[in-house]
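At position 485 of the sequence shown the residue is numbered 485 (full-length UniProt numbering), and the sequence of numbers has no breaks.
Where a beta carbon is used, it is the ideal one built from N, C-alpha and C, also for glycine.
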Amino acid sequence: MPNAPSASPVRPTSSTRRALGLLAILLVLMGFAFQGSRPLWSRDEGRYTDNALQMIASGDYLVPAYNVDRTNFNKPPMTAWLIAASVRTFGHNTWAVRTPYALAFIFTALLLAGMGRTLMPDKFWLPGLVYACTVFPFLSANIVSTDVFLTLFEALAGFGFVRAFLDAKARHPRRWAWLMWLGFGLAFLTKGPPGLMPLLAMVPFAARQNGWRGLGRLFTPVGLLIFLLVGLGWYAAVVLTHPGLLEHYLKYEVYDRVFTTVHDRHGQWYGWIKVYLPALLLGTLPWWWTLLRGMRAALTPSRLQSLWLQAGPKLFLLLWFVLPLCVFILARSRLPLYLMPLFVPLAMLLAYMLRARIDLRRTRQRVLLGAWIVLLLVVKAGAAYHRQPNIDNELRSQTFLAAVQNTRYDALVFIRDSDSQNDIDETTPWGMRLYLRKPIYGIPWRTADSRTTLCALAKRHPHLMYAVGWRTSVDEVTQALTTCAPGRFSILGKWDKHTLIALK
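The structure is reproduced here in structure tokens:
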């Protein structure tokens, strides 16, 4: 039998239902307020949105792609699937793109409340409240990325584990373990191996509780089958149909991210200090002082020994936070959003630390909480309405439409002075597709097949708009067009450091 926490879950009462209802209302307010007000910003937001729009346009939901010529296997398709489903349901707009992120934020906090029902039933709502009011997860829920969904599915896996291993009164603990593996499957389908990070804590904790029997309860045959079908089914399908893709995943997406600086994401030995330390200090506001004091007390040798001997919930949560954090620190590819899933165990640990101090029956605490929530919403609104010309895809689309006026075009092609298609993938403003409702292409001009691609697009689209980067020779581009589309093009003028060439 699993070791039970100090308190056991209680049956739902009217006060419990009321607390859950109030938490849900608060989460909906915080999750959806100003959620569709901020336009898409460049890089990841544009890429994932473009991939989703391409799925809708092509009807091919198996292969993520920027357009009919360029696939994007850097990440599994879950993020694009969720955005595409939302756009098809709610319309072709920014609010629809961000709606899955608001829902992920809400359900992650509710899953934390579900863990609270087992681990601290007297204040089960507190972990969800702490998570929702913490700066990092609240603001990150407005960013189009893989990490918000990864956090949700890892929280689902953590919820299943807590019910299976830490709830002595749970019925059918094996089924909760199956739910855990479903969460891992969905997480793996969202971001690959990072989705399995909580296993770094679950394996030693299960072994500490019941030895080999504990590991047997963790790695159940049915659970592993669920993971294989949900998490690896898509990978098997695309690897079998796309030669070289397995090597791409194993080398570029796993080995290079962990051991090399190929991805150019703060790979220096001190990179984790620049990236992760500010994210943890500022991102844990308003609780960071509580966290610092709690961690100092928990990480003393005597306290660690006591936690290990007890093998209770606090040990599991500490392992869940610390062990993946060590991996992120050692890996050579580092971005702040990588830490997003760690705010699930962190919120649970903070709830333990704040458990005796938080009493929302006190007027002062309710006023302070309300003021903090208003401040968070003001910051979110400020980001929504503060325009950023260099990264704002909506603003760039508006200036582009003003430059082309009534000129007809079927697609927009960016030509950049580069010899790398990966560079084009990183720098092309793919998010403009949402606002222009036209396919976006990118051509690295210094590659051997750039002129062939230029002419192939001219043949495919009778009306085309080329945006030639300022470092690229416009004369070379027009000479190439003269050979394949003579008399069909004209130079419109300048736009955003690009020369616009219209193909008629």
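(request) Determine, using beta-carbon pairs with one atom in the stretch 53-63 and one in the stretch 75-92, whether at least three such pairs fall under 8 angstroms. (result) yes
(request) Give the C-beta separation of P439 and N67 to the nearest angstrom, bearing in mind that I take them to be a contact with Cβ-Cβ under 8 angstroms. (result) What you label residue 439 is simply residue 439 of the sequence shown in a count that begins at 1. What you label residue 67 is simply residue 67 of the sequence shown in a count that begins at 1. About 5 angstroms; that satisfies the 8 angstroms criterion.
(message) So, with DSSP's three-state summary, where would you put R465?
(response) As a working note, residue 465 is residue 465 in the sequence shown. For the sequence presented, residue 465 should be read as Met rather than Arg. Residue state, collapsed to three classes: strand.
(request) Just confirm the distance between the C-beta atoms of G183 and E253, as a whole number of angstroms; I'd bet it's less than 8 angstroms. (result) Residue mapping note: residue 183 aligns to position 183 of the sequence shown, counting from 1. Residue mapping note: residue 253 aligns to position 253 of the sequence shown, counting from 1. Not really, about 21 angstroms apart at Cβ, beyond 8 angstroms.
(message) So, with DSSP's three-state summary, where would you put R408?
(response) Stepping through the sequence shown from its first residue, residue 408 is reached at position 408. Coil at R408, not helix or strand.
(request) Would you mind sorting D44 into buried or exposed? The rule is 16 or more other CB atoms within 10 Å of its CB. (result) Working through the sequence shown from its first residue, we reach residue 44 at position 44. The residue is buried, with at least 16 neighbouring Cβ atoms inside 10 Å.
(message) Whole angstroms are fine: how far does the CA of F105 sit from the CA of F493?
(response) The sequence position of residue 493 within the sequence shown is 493, counting from 1. The sequence position of residue 105 within the sequence shown is 105, counting from 1. The amino acid at residue 493 is misidentified as Phe; the sequence shows Gly. Between G493 and F105, the C-alpha separation is close to 44 angstroms.
(request) Starting from the C-beta of L111, find all residues in its chain whose C-beta is less than 7 angstroms away, skip the five residues before and the five after it, and write them out in chain order. (result) The residue labelled residue 111 in the question sits at position 111 within the sequence shown. Here the set comprises A155, L156, F159.
(request) Check residue 529 in the structure and name its three-state DSSP category. (result) No information on residue 529 is available, as it lies outside the stretch 1 to 504 that the chain covers here.
(message) Tell me the rounded alpha-carbon separation between T472 and T499.
(response) To locate residue 472, count along the sequence shown from 1; it is residue 472. To locate residue 499, count along the sequence shown from 1; it is residue 499. About 9 angstroms.
(message) For the stretch 344-354 against the stretch 123-134, do three or more pairs of beta-carbon atoms, one drawn from each stretch, fall closer than 8 angstroms, so that the two count as touching?
(response) yes
(request) Take the Cβ of V413 as the centre, count every other Cβ of all protein chains shown within 10 Å, and call the residue buried at 16 or more, exposed below. (result) The count along the sequence shown starts at 1 and reaches residue 413 at position 413. It is buried - the Cβ of V413 has at least 16 other Cβ atoms within 10 Å.
(request) Just mark D359 as buried or exposed, buried being the case when its beta carbon has 16 or more other beta carbons within 10 Å. (result) For the purposes of this step, residue 359 is taken as the residue at position 359 of the sequence shown. D359 comes out exposed.
(message) What residue range does the beta strand (DSSP E) around G271 cover?
(response) Along the sequence shown, read from residue 1 onward, the residue named residue 271 stands at position 271. Careful: G271 lies outside any beta strand (DSSP E), inside the alpha helix (DSSP H) at 271-283.
(message) Going by DSSP, what residue range makes up the beta strand (DSSP E) through K494?
(response) Translated into the one-based positions of the sequence shown, residue 494 becomes position 494. Element bounds for K494: 489-495.
(request) Could you tell me the boundaries of the beta strand (DSSP E) in which L503 lies? (result) The residue you call residue 503 lines up with position 503 of the sequence shown. First-last of the beta strand (DSSP E) with L503: 498-503.
(request) Could you say which of T399, P278, M180, R437 lies nearest to M115 if we only look at CA atoms? (result) Numbered from 1 along the sequence shown, position 115 holds the residue referred to as residue 115. The shortest Cα separation from M115 among T399, P278, M180, R437 belongs to M180.
(message) Taking only three categories from DSSP, how would you classify V413?
(response) Position 413 of the sequence shown holds residue 413. V413 falls in the strand class under three-state DSSP.
(message) What does the alpha-carbon distance come out to for the pair L215 and L29?
(response) Mapped onto the sequence shown, residue 215 falls at position 215. Mapped onto the sequence shown, residue 29 falls at position 29. Answer to the nearest angstrom: the Cα atoms are 41 angstroms apart.
(request) Hey, could you find the ends of the alpha helix (DSSP H) E45 is sitting in? (result) By one-based count along the sequence shown, residue 45 stands at place 45. That run of the alpha helix (DSSP H) goes 44-58.
(request) Kindly list the residues whose CB is nearer than 8 angstroms to the CB of A381, restricted to its own chain and excluding five residues on each side of it in sequence; keep chain order. (result) The residue labelled residue 381 in the question sits at position 381 within the sequence shown. A33, F34, S37, listed in sequence order.
(request) Could you check if T241 is buried or exposed, using at least 16 other CB atoms within 10 Å of its CB as the buried criterion? (result) Reading the sequence shown from its first residue, position 241 is the one you call residue 241. T241 should be labelled exposed.
(request) Report the residue from N72, V258, L62, Y61 whose alpha carbon sits nearest the alpha carbon of Y441. (result) Within the sequence shown, residue 441 is the residue found at index 441, counting from 1. The shortest C-alpha separation from Y441 is found at N72.
(request) Give every residue of the same chain whose Cβ lies closer than 6 angstroms to the Cβ of Y101, excluding the five residues on either side of it in the sequence, and list them in chain order. (result) Along the sequence shown, one-based indexing puts residue 101 at 101. Result list for Y101: A141, V148, in chain order.
(request) Decide if K123 is buried, meaning its Cβ has at least 16 other Cβ atoms within 10 Å, or exposed. (result) Translated into positions along the sequence shown, residue 123 becomes position 123. Looking at its Cβ environment, which holds 16 or more other Cβ atoms inside 10 Å, K123 is buried.
(request) Can you tell me the Cβ-Cβ gap for I329 and W272, rounded? I've got them flagged as a contact below 8 angstroms. (result) Taking the sequence shown and counting its residues from 1, one reaches residue 329 at position 329. Taking the sequence shown and counting its residues from 1, one reaches residue 272 at position 272. Yes, I329 and W272 are in contact; Cβ-Cβ is about 4 angstroms, under 8 angstroms.
(request) Could you check which residue in Q310, T452, A279, R357 has the C-alpha nearest to that of L339? (result) One-based indexing of the sequence shown puts residue 339 at position 339. The residue with the shortest Cα to Cα distance from L339 is A279.
(request) Would you identify the three-state DSSP class for residue 508, choosing helix, strand or coil? (result) Outside the displayed range of the chain (1 to 504) lies residue 508, so it cannot be described from this structure.
(request) Out of A65, C455, N74, state which residue places its alpha-carbon closest to the alpha-carbon of A84. (result) Numbered from 1 along the sequence shown, position 84 holds the residue referred to as residue 84. Among A65, C455, N74, the Cα nearest to that of A84 belongs to A65.
(message) Can you find the residues in the same chain that come closer than 6 angstroms, C-beta to C-beta, to T261, ignoring five residues on each side of it along the sequence?
(response) By 1-based counting over the sequence shown, the position of residue 261 is 261. Answer for T261: G267, R332, listed in chain order.
(request) Mark V144 as exposed unless 16 or more other C-beta atoms lie within 10 angstroms of its C-beta, in which case mark it buried. (result) Residue 144 sits at position 144 when you count from the first residue of the sequence shown. By the neighbour-count rule (16 or more Cβ atoms within 10 Å), V144 is buried.
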